[in-house]
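Right, one structure below, let's go through it.
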Amino acid sequence: MRLPPLNAIRVFEAVCRHGSIVKAAEELNVVRGAVRQQIATLENYVGRKLFTRDGRRLVPTVQASAFAAAAGAAFDILQRAASELEGTVPGRIRLGVPSAFAVWWLMPRVAGMQASLGNMAIDIVPMTVVEPLQIHPELDAVIMGGEYRPAAGITALRFMEDEFGPVATPALVAALSGDPAAMGALTMLVSRSVPKLWDEWFAESGTPPVTFSRVQEFEDLLLALGAARSGLGVALAPRASIEDDLQRGHLLAPYGFITRPSGYCLCCRTPDARRPAFAALSGWLLQCGTGT
């Protein structure tokens, strides 16, 4: 079966990833005209337009977006296969991790993680907004929480349940009754990185939505949980990110936690999943996440 020109596919995938001809040209170190020419070549080959324009941003059609995801996965596979062929398998893993999860769950265990990896170094990259691996070519793996469906060429290992619920200091909890509506007297602490988390908790816990007296937003969950710890209000927290606070009594969960079956996943490119270092990392996460 005859494939479209590979150079045109490479340029097309970069434009889809960036949503910009200018940024794609910068990444590929070519002029903008060359990018436009390759896009035109691919559109002529498939006989249809591949993008619509939203202001200055190029938006791929549904079919083009699916093709770009497959192309990105294919290029990742080729890159890693070429590295193995040359004997230049990377000596470190760059792991993207949600900021709060990194600080309060992963970092206290990082010595054990490094011991499980032997000589393989690992770089932990905190992520304020956690995005899928396929749009982060600079990372080797990411930890994803909540609902996540792996894309083509990505392998996901679920290693821990995802529990979440409202938390506040003992002083604030003491003023609450057993009715979640009592939270309305407190300040709702919201993270812009997971803006729908409160809505999801109300829906999944079967709790009627609460009208809070005040709402305060923070850039990421790390800051929102810090504000909750200081007594500013009530935050919605993944249990894995505040387990130490719960054990020490710094924070309480007055209405408990609800469990999501999707849980936390380690996501890596499928060819990497077979490498010994990734197998060791997966095994360690699974052991810690299940408590076995």
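Read in UniProt numbering, the sequence shown has 31 at position 31, and its numbers run on one by one without any break. Virtual Cβ for every residue (Gly too), placed ideally from N, Cα, C. Just so you know, these numbers come straight off a predicted model, no measurement behind them.
Run the CB neighbour count on Q134, radius 10 Å, all protein chains shown included, and call it buried at 16 or more, exposed below.
In the sequence shown, the residue the question calls residue 134 occupies position 134. It counts as buried.
Contact under 9 angstroms by Cβ, P132 with A151: Sequence index remark: in the sequence shown, residue 132 carries index 132 (1-based). Sequence index remark: in the sequence shown, residue 151 carries index 151 (1-based). In this structure, A151 lies closer than 9 angstroms to P132 by Cβ.
CB contact flag (A235, P166, <9 angstroms): As a position in the sequence shown, residue 235 is number 235, starting the count at 1. As a position in the sequence shown, residue 166 is number 166, starting the count at 1. The answer is yes: Cβ separation under 9 angstroms.
Less than 9 angstroms between the C-beta atoms of A70 and G19, yes or no? Here the question's residue 70 lines up with position 70 in the sequence shown. Here the question's residue 19 lines up with position 19 in the sequence shown. Cβ distance not < 9 angstroms, so A70 and G19 don't count as in contact.
Task: Between the CA atoms of R229 and L176 - distance to the nearest angstrom - done: Here the question's residue 176 lines up with position 176 in the sequence shown. Here the question's residue 229 lines up with position 229 in the sequence shown. So the two alpha carbons sit approximately 17 angstroms from each other.
> Any chance the segment 239 to 249 sits against the segment 113 to 129, with 3 or more Cβ pairs inside 8 angstroms?
Replying inline: These segments do not touch.
| Whole-angstrom C-beta distance between G145 and F101, which should lie under 8 angstroms | Indexing the sequence shown from 1 puts residue 101 at position 101. Indexing the sequence shown from 1 puts residue 145 at position 145. Separation of the CB atoms of F101 and G145 is rounded to 7 angstroms, and the pair is thereby assigned contact status at 8 angstroms.
From R109 to D245, what does the alpha carbon distance come to, in whole angstroms? As a position in the sequence shown, residue 109 is number 109, starting the count at 1. As a position in the sequence shown, residue 245 is number 245, starting the count at 1. Here the alpha carbons of D245 and R109 stand approximately 16 angstroms from one another.
Subject >> Residue environment, R248, which counts as buried when at least 16 other CB atoms sit within 10 Å >> reply: Translated into the one-based positions of the sequence shown, residue 248 becomes position 248. When all chains shown are included, R248 counts as exposed.
| said: Just to confirm, is the Cβ distance from L28 to A14 under 9 angstroms? | reply: The sequence position of residue 28 within the sequence shown is 28, counting from 1. The sequence position of residue 14 within the sequence shown is 14, counting from 1. In contact: L28 and A14 (Cβ atoms closer than 9 angstroms).
| field | Cβ neighbour criterion (16 or more within 10 Å) applied to S193 | value | By one-based count along the sequence shown, residue 193 stands at place 193. With a 10 Å radius around the Cβ and a threshold of 16 neighbouring Cβ atoms, S193 comes out buried.
Kindly indicate which three-state DSSP category D162 falls into: helix, strand or coil?
Taking the sequence shown and counting its residues from 1, one reaches residue 162 at position 162. Note: D162 maps to strand in three-state DSSP.
Exercise. Kindly list the residues whose CB is nearer than 6 angstroms to the CB of V129, restricted to its own chain and excluding five residues on each side of it in sequence; keep chain order.
Key: Position 129 of the sequence shown, counted from the start, is the residue given in the question as residue 129. Closer than 6 angstroms at the Cβ level, and outside the excluded window around V129, lie S193.
message: What would DSSP say about A168, mapped onto helix, strand or coil?
response: Counting from 1 along the sequence shown, the entry for residue 168 is found at position 168. Strand.
How many Å lie between V210 and L186 at the Cα?
Sequence index remark: in the sequence shown, residue 210 carries index 210 (1-based). Sequence index remark: in the sequence shown, residue 186 carries index 186 (1-based). When the Cα atoms are used, V210 and L186 turn out to be separated by approximately 10 angstroms.
Margin query: On the criterion of 16 or more Cβ atoms from any shown chain inside 10 Å, does A174 qualify as buried, or is it exposed?
Written below: Counted from its first residue, the sequence shown places residue 174 at position 174. Exposed, by the Cβ-count rule.
Under DSSP, the beta strand (DSSP E) around S191 begins and ends at which residues?
Mapped onto the sequence shown, residue 191 falls at position 191. Under the DSSP assignment, S191 falls in the beta strand (DSSP E) whose first and last residues are T187 to S191.
Q: Could you tell me the boundaries of the beta strand (DSSP E) in which F218 lies?
A: Translated into the one-based positions of the sequence shown, residue 218 becomes position 218. First-last of the beta strand (DSSP E) with F218: R214 to F218.
**Asked** From which residue to which residue does the beta strand (DSSP E) around P126 run?
**Response** Locating residue 126 in the sequence shown gives position 126, where the first residue counts as 1. Boundaries of the beta strand (DSSP E) harbouring P126: A121 to M127, taken from the DSSP string.
Are the beta-carbon atoms of F159 and S65 separated by less than 9 angstroms?
Position 159 of the sequence shown holds residue 159. Position 65 of the sequence shown holds residue 65. No, they are not a contact pair.
Requested in this report: Please classify P208: is it buried, with 16 or more other beta-carbons within 10 angstroms of its beta-carbon, or exposed?
Outcome: As a working note, residue 208 is residue 208 in the sequence shown. It counts as exposed.
**OP:** Note the first and the last residue of the continuous beta strand (DSSP E) segment covering M144.
**Re:** Looking up residue 144 in the sequence shown gives position 144. Here the beta strand (DSSP E) through M144 covers A141 to M144.
By DSSP, does residue 305 sit in helix, in strand, or in coil? In the structure displayed, the chain extends from 1 to 292; residue 305 sits before or after that span and is not available.
Self-check item: Sequence-distant residues of its chain with Cβ nearer than 6 angstroms to F51 (five each side left out)
Solution: On the sequence shown, residue 51 is found 51 positions in, with the first residue counted as 1. Answer for F51: L58 and P60, listed in chain order.
Please confirm whether M188 and V215 have their CB atoms less than 9 angstroms apart. Sequence index remark: in the sequence shown, residue 188 carries index 188 (1-based). Sequence index remark: in the sequence shown, residue 215 carries index 215 (1-based). Cβ distance < 9 angstroms, so M188 and V215 count as in contact.
- Could you tell me which residues DSSP puts in a beta bridge with R53? Reading the sequence shown from its first residue, position 53 is the one you call residue 53. In DSSP, R53 forms a bridge with L58.
Q. Hey, how far is the Cα of Q38 from the Cα of R48?
A. Along the sequence shown, one-based indexing puts residue 38 at 38. Along the sequence shown, one-based indexing puts residue 48 at 48. Near 14 angstroms, if we compare the C-alpha coordinates of R48 and Q38.
- Item | Cβ-based burial, S99 [other Cβ within 10 Å; buried from 16] | By 1-based counting over the sequence shown, the position of residue 99 is 99. Per the 10 Å Cβ criterion, buried.
Check your understanding: Quick one, are the C-beta atoms of residue 293 and L78 less than 9 angstroms apart?
Key -> Only positions 1 to 292 of the chain appear in this structure, which leaves residue 293 out of reach.
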